[in-house]
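See structure below.
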Amino acid sequence: MNSVSQQTTWTKITYFALVALVTAIAPGSLVAQSVDDPDVSGNWRIERQPYSCGEWNLDQFGNVRAGCAISIDELPLNKRARAWAEFYDEPMAAMWDCVPASLPSLLGDSFPWNLSQKSDRITIWYEHDDTVRTVWMDGRRHPFVGELFYMGHSIGWYEGETLVIETTNFTFDPDGMDDHGHIATSVRKRLTERYTQTGPDSLEMAITLEDPLFLTEPYTWVRQLNRSDVGPESWGECDLDQSRRQLESLPSKYDE
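Position 34 of the sequence shown, counting from 1, maps to 53 under the working numbering, and the rest follow consecutively.
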């Protein structure tokens, strides 16, 4: 092998070694789950006392639900977000077309969750809207920024005893902050969840929401999850015709 060929070969080796090193240390490039990591598998439910958070504690339902996902009044909304809220009309809500709740709405719902933890992923089944979410724990990175998903793309890793889940690559969502608050989110939404066991049957859930197109700064809130004897149940398929018929009784701010 001549000197030019040797130099070319070593250049290629050095290049691929650097790529491997950068990939290993780059943000979002994570170490796959270890057998020593905590196991969060099981049924979980948000801790809630009547009237403890949100406006969705309804006496006719025995205070069984609360809007604990986000306190809309506390969100650092920018002018664009406030203009959207003023413009928004309830019949526009995507749920009337059988579109399920997204994130972070699902994180505050009082229906039970089920977490199933495997070596390469965590699967989360939310009873609300019968939604199943996959969190990849195998070290993969997020896909290209233009590849978008309604529920986003979730990757996770452990920092000590804390499970960290980062979700990006969301589609534009007219109810993306909360499906009751009706504040939109953009494709630049980023959600970071941090789950830390505070006891054998309890998890602290710290959530940070970022969206520079609708928020003036990131917003963080904390909720408590407790193990539940009851797991999620399937809601069955949404009846689109029945759902849309309910719109007939909904008032619109734009009715003439």
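Backbone N, C-alpha and C fix where the C-beta goes; we use that ideal spot for every residue, glycine too.
Since this is a predicted model, take the numbers as computed values, not measurements.
Is it right to say residue i is buried, meaning 16 or more other beta carbons lie within 10 angstroms of its own, or is it exposed?
i                 : result
threonine 217     : exposed
glycine 73        : Low confidence applies here, because glycine 73 scores a pLDDT of 48, under 50, leaving its location unreliable and the question unanswered by this model.
phenylalanine 163 : exposed
proline 270       : exposed
phenylalanine 130 : buried
glycine 171       : buried
aspartate 194     : buried
aspartate 128     : buried
tryptophan 254    : exposed
arginine 263      : exposed
serine 71         : Bear in mind that a pLDDT of 48 at serine 71, under 50, signals an unreliable position, so the model cannot answer this.
glutamate 256     : exposed
What do you reckon, are the CB atoms on residue i and residue j nearer than 9 Å?
i             : j                 : result
serine 124    : aspartate 198     : yes
threonine 153 : arginine 140      : yes
glutamate 93  : tyrosine 273      : no
alanine 203   : phenylalanine 189 : no
aspartate 220 : cysteine 117      : no
leucine 232   : leucine 210       : no
arginine 242  : glutamate 105     : no
State the CB to CB distance for the pair residue i and residue j, rounded to an integer number of angstroms; the pair is presumed to be in contact (CB under 8 Å).
i              : j              : result
leucine 122    : leucine 234    : Actually they do not touch by this definition, with Cβ atoms about 15 Å apart.
leucine 126    : methionine 224 : 7 Å
isoleucine 143 : tryptophan 155 : Going by Cβ atoms, the distance from isoleucine 143 to tryptophan 155 rounds to 12 Å, so no, they are not a contact pair.
tryptophan 115 : glutamine 261  : The Cβ separation is near 10 Å, so there is no contact.
alanine 112    : histidine 201  : 7 Å
valine 206     : leucine 167    : 6 Å
Restricting to Cα atoms, I'd like to know which of the options is closest to residue i.
i             : options                           : result
arginine 64   : Cys257, Asn133 and Thr215         : Asn133
arginine 213  : His147, Ile226 and Glu109         : Ile226
tyrosine 177  : Arg159, Glu166 and Thr215         : Thr215
valine 249    : Tyr145, Arg160 and Arg159         : Tyr145
aspartate 58  : Trp254, Glu236 and Gln136         : Gln136
glutamate 267 : Glu66, Glu109 and Trp103          : Glu109
proline 251   : His147, Trp103 and Leu210         : His147
aspartate 157 : Gly165, Ser138 and Glu236         : Ser138
glycine 61    : Glu105, Leu222, Glu236 and Arg263 : Leu222
tyrosine 169  : Arg263, Glu256, Lys208 and Tyr107 : Lys208
aspartate 56  : Glu236, Glu180, Glu256 and Trp103 : Glu180
isoleucine 91 : Trp240, Ser247 and Arg246         : Trp240
Check whether the Cβ of residue i sits closer than 8 Å to any heavy atom of the ligand ZN, and report yes or no.
i          : result
serine 138 : With respect to small molecules bound, the structure shown includes none, and the ligand ZN cannot be examined in it.
Pairing CB atoms from the stretch 175-190 with CB atoms from the stretch 90-110, are three or more of them under 8 Å? no
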